[in-house]
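My numbering puts the first residue of the sequence shown at 1, with every later residue one more than the last. Note that CB positions come from ideal geometry on N, CA and C, so glycine has one too.
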Amino acid sequence: MSMFFSTLLVHAYSLTLQSFLSFGFPLLAKLGKARDLHIDDRRRLPYPTRIFAGRSVVWLHAASLGEAKLLVRFMGILRRRHPEDLYVVTATSVSGVNYLKLCRNDSMCAIGFMPLDTVPLMTRMVDRFNITRVWLMETELWPSMMWVCSRRGIPMSIANGRVEPKSLARYHMSGALFKPLLYNVDLVLAQDEHYAERFEQLGISKERIQVVGNIKSRVSIQRPSRRRWAEFRDDMRLAESDIVVTVGCVHPGEAAHIRKAVEGVAARKMTVKWIVVPRHLDKTPAILEELGPDTLHIRDGRVPRTWNVCLVERYGVLEDMYSIADGAVLGGTFVPVGGHNVWEAAQFGIPVFFGSDYHTQQESCERLIAAGIGFSVNSGEELAERIVRTMRTEAAAFIEAQKAFVESTRRDLQVLEPLVP
């Protein structure tokens, strides 16, 4: 009976979205919003990029850029487990789709936006690619997708699962819709015990939940290739001998701390080149004002002169800028934001520094702190002192800590992979 009511609710929800396609889309087109929202792309299936007939095809879906990066990393685990499989990869946001396209490889048979979550489109999606399994990154629960997969007997799993209290309350309010659909979820790889308990509260049995930690932290720590490192440095007018610190995902209000760190490091007779990458490009003017007038502003990739501090106003460059750095500073931690993905920097084997507000990355940051390769500070002046200690006076201690951490991450991957069906 519960599945009957869930089916009614799914179809009512699907019809609402279909009505939007019929009536809302023309209005958005008239207002000039359809292109910005990529409505046309969301009304159709991702276009195949290679032949997939006769192959097992797995659908991986992420919400936005952060989850898309997780998707690519998780797909590496799946490829090692099932090298013969192919993958349809989708995202909800524009930045997520663009990142997936940048990471295209020969195991991806289609890349694009997730189609609007209607029963007809989801049915076409699983039929067109003959989907054999669906993996959702973190918690992307789409009723029509889940209902179609349940009807077709296609297992669904959740990687890096988390449910925040507000989301839990919303799902409880929609219990008649979601609870029967969650019976088809055969595995949740939860980030921690709290999230695991919330998945149980949603109706997923304890036997189908594995607590594996944050998969974003399950990274292979390694430096980029020497050739790639040298090419990127040359593009930025950096010498191989330059000491570089990249400050990523900076918000307004944080650059003043970075400016104090720049001055503090220089006062300690340590020469450092600073690369600053904003979290949101439209906030660049405010960040430049905080950094000061001597900051080189790079927009189009050309670096016209040498510099000590530069701001790179471009999307999709953050990991490249981390890869050429000798140290990194995590933005969103000197203002009440809570931080961003610390592993984007830590994966390159460099020390990572962050402010005191890292609540959205607490497990990851505390893991780095415990390992002796991550460092929390309270101010720009303290950041300068910590950078000089870690990267100059106590560099040997950091190197030893990093070696031990690399070995621990290797063991973590060995534990995780056997859990993946």
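Could you check whether residue j and residue i sit closer than 8 Å to each other, using their CB atoms as the reference points?
i: Asp117; j: Pro83; result: no
i: Phe52; j: Leu86; result: yes
i: Val276; j: Cys310; result: yes
i: Phe375; j: Pro351; result: yes
i: Val244; j: Ile324; result: yes
i: Ser157; j: Arg133; result: yes
i: His247; j: Trp229; result: Residue 247 is actually Val in this sequence, not His. Cβ distance not < 8 Å, so Val247 and Trp229 don't count as in contact.
i: Gly203; j: Leu182; result: yes
i: Pro418; j: Leu187; result: no
i: Ile422; j: Phe353; result: The question about residue 422 has no answer, for the chain in this structure spans 1 to 421.
i: Leu413; j: Arg218; result: yes
i: His257; j: Leu383; result: yes
i: Ala190; j: Val211; result: yes
i: Phe425; j: His38; result: Since the first residue of the chain shown is 1 and the last is 421, residue 425 is not available in this structure.
i: Thr306; j: Arg237; result: yes
i: Val329; j: Ser364; result: no
i: Arg259; j: Leu291; result: yes
i: Glu67; j: Glu138; result: yes
i: Phe398; j: Ile373; result: yes
Which residue's Cα is closest to the Cα of residue i: the options?
i: Cys249; options: Val212, Val312, Arg170 and Gly203; result: Val312
i: Ala110; options: Val94, Val57 and Ala261; result: Val57
i: Gly264; options: Val415, Gly380 and Leu168; result: Gly380
i: Asp192; options: Leu318, Lys216, Phe178 and Ala395; result: Lys216
i: Glu289; options: Arg392, His251, Met75 and Ala169; result: His251
i: His20; options: Ser2, Ser6, Leu9 and Arg43; result: The residue you asked about is not His; residue 20 is Phe in the sequence shown. Checked all of Ser2, Ser6, Leu9 and Arg43; the closest Cα to Phe20 is Arg43.
i: Thr90; options: Ala396, Arg80 and Pro115; result: Pro115
i: Ser2; options: Gln18, Ala239, Trp147 and Gly253; result: Trp147
i: Glu140; options: Gly161, Ile154 and Ile287; result: Gly161
i: Leu17; options: Thr393, Met173 and Val119; result: Val119
i: Thr393; options: Arg268, Lys283, Leu281 and Asp357; result: Arg268
i: Asn308; options: Arg104, Val262 and Leu71; result: Val262
i: Pro336; options: His11, Gly96, Ala169 and Glu254; result: Glu254
i: Ser205; options: Thr284, Leu60, Pro180 and Phe23; result: Pro180
Can you have a look at residue i and say buried or exposed, based on whether 16 or more other CB atoms are within 10 angstroms of its CB?
i: Ser241; result: exposed
i: Glu400; result: exposed
i: Asp40; result: exposed
i: Val415; result: exposed
i: Met164; result: The sequence as given places Glu at residue 164; Met does not occur at that position. Exposed: under 16 other Cβ atoms inside 10 Å.
i: His340; result: buried
i: Asp320; result: buried
i: Gln361; result: buried
i: Ser14; result: buried
i: Thr92; result: buried
i: Arg73; result: buried
i: Arg302; result: exposed
i: Arg223; result: exposed
i: Gly338; result: exposed
i: Phe178; result: buried
i: Tyr47; result: exposed
i: Phe199; result: buried
i: Lys69; result: buried
i: Gly316; result: exposed
i: Asn214; result: buried
Please classify residue i: does DSSP put it in a helix, a strand, or coil?
i: Val377; result: coil
i: Phe405; result: helix
i: Asp242; result: coil
i: Val247; result: strand
i: Cys310; result: strand
i: Ala53; result: coil
i: Val276; result: strand
i: Ala328; result: strand
i: Leu141; result: coil
i: Ile350; result: coil
i: Ile258; result: helix
i: His297; result: strand
i: Val219; result: coil
i: Ile77; result: helix
i: Ile209; result: strand
i: Asp127; result: helix
i: Thr271; result: coil
i: Asn462; result: Since the displayed the chain opens at 1 and closes at 421, residue 462 lies outside it and no answer follows.
i: His38; result: coil
i: Pro115; result: coil
i: Cys358; result: Position check: residue 358 holds Tyr in this sequence, whereas Cys was assumed. In this structure, Tyr358 counts as coil in the three-state DSSP scheme.
i: Ile204; result: coil
i: Gln394; result: Residue identity check: residue 394 is Glu in the sequence provided, not Gln. Glu394: coil per DSSP, three-state reduction.
i: Cys149; result: helix
i: Phe334; result: coil
Have a look at the DSSP bridge pairing and note the partners of residue i.
i: Ser157; result: Trp135 and Leu187
i: Ala110; result: Pro48 and Val88
i: Ala62; result: Ala91
i: Ile369; result: For Ile369, which the question treats as bridged, DSSP gives no partner whatsoever.
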